[in-house]
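Undergrad: Counting from 33, one number per residue, gives the positions in the sequence shown under this note's numbering. All C-beta atoms in this analysis are idealised placements derived from N, C-alpha and C, irrespective of residue type, glycine included. Structure in structure tokens, see below.
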Amino acid sequence: RAAVERIAKQQHDETRNTALIEHDLARTLPRLGYFAEGGAMRARLRGLLFVYCALPDGMAYRQGMSHLAATLLLHVHEPRLACACLSALLTGYPLLRACALLQFEPVLRYFDRALAQQLPQLSAHLRGLDVSSDTYLVRWMLPMFTASLPLCTACRVWDAVIAEGDRALFRAAIALLGL
């Protein structure tokens, strides 16, 4: 209800959020077709993202949030519950929250240390090529791999994150790099 009131009073950055959300909708899980123009779930995804961004504790829309919300809608059919789940993901998992708030530096530093410990040769090789972890990690983290892995594989990462915490995202990223 609070989100609907904020939308009605225009107490959120509706113009900015609208442009970013609309731009991202067509790119959200494109192989499924549910979220494409005319797709069966596009309107629900749009509504969920607008409501989340208008929540008092919600945040401005960031590229990649549509993938989180879409994955939730595929599994949680009640939009209010999906919105609550999105809020819980972005507030309850520090790594996700940092990415959503565009606070990448601490996340990248921590990941670089973990990569150097787990895969020291690869880490040195990437540094030698001047390939920074922000080149790939940012695109993987906020959408929790749903934009870069097959959905069934990404959902296994989600299971690990929910069961073990958001550091499972780092373990998945290091495992992916180690292939």
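Let's test the definition: count the other Cβ atoms within 10 Å of the Cβ of Thr178 and tell me whether it reaches 16, buried, or not, exposed.
TA: That one is buried.
Undergrad: Taking 8 Å as the cut-off, decide whether the C-beta atoms of Arg263 and Leu105 are in contact.
TA: Since the first residue of the chain shown is 33 and the last is 211, residue 263 is not available in this structure.
Undergrad: Taking Tyr142 as part of the alpha helix (DSSP H), name the residues at either end of that continuous run.
TA: Start and end: Phe136 to Gln150.
Undergrad: Got a sec? Which residues, its chain only, sit under 8 Å from Val139 by beta carbon, not counting five neighbours each side?
TA: If we look at Val139 and ignore the five residues flanking it on each side, its Cβ neighbours are Leu127, Ala130, Cys131, Leu169 and Met173.
Undergrad: Below 7 Å CB to CB, which residues in the same chain sit around Asp144 once its five sequence neighbours on both sides are set aside?
TA: Here the set comprises Ser165.
Undergrad: Specify the secondary structure class of Pro111 as computed by DSSP and reduced to three states.
TA: Note: Pro111 maps to helix in three-state DSSP.
Undergrad: Is it buried or exposed for Arg141, if we count other Cβ within 10 angstroms and need 16 for buried?
TA: Exposed: under 16 other Cβ atoms inside 10 Å.
Undergrad: Can you have a look at Leu81 and say buried or exposed, based on whether 16 or more other CB atoms are within 10 angstroms of its CB?
TA: Result: buried.
Undergrad: Looking only at its chain, what residues have a beta carbon closer than 6 Å to the beta carbon of Ala148, apart from the 5 residues adjacent to it on each side?
TA: The answer, listed in chain order, is Ser155.
Undergrad: Which one of Glu137, Ala205 and Asp198 has the shortest CA to CA distance from Thr123?
TA: Nearest C-alpha to Thr123: Asp198.
Undergrad: From which residue to which residue does the alpha helix (DSSP H) around Gly79 run?
TA: Arg74 to Ala86 is the span of the alpha helix (DSSP H), which, as asked, contains Gly79.
Undergrad: In chain order, what residues of the same chain have a beta carbon less than 6 Å from the beta carbon of Tyr66, not counting five sequence neighbours either side?
TA: The residues are Ala72 and Met73.
Undergrad: Would you call the CB atoms of Tyr93 and Val193 closer than 8 Å?
TA: The answer is no: Cβ separation not under 8 Å.
Undergrad: According to DSSP, is Ala218 part of a helix, a strand, or is it coil?
TA: Residue numbering for the chain in the displayed model covers 33 to 211; residue 218 lies beyond these limits and cannot be assessed.
Undergrad: According to DSSP, is Thr178 helix, strand or coil?
TA: Note: Thr178 maps to coil in three-state DSSP.
Undergrad: Let me know the secondary structure DSSP gives Thr185 once reduced to three states.
TA: It is helical.
Undergrad: Inspect the beta-carbon positions of Glu100 and Leu113 and report whether they are closer than 8 Å.
TA: Sequence check: residue 100 is Leu here, not Glu. Not closer than 8 Å, so no.
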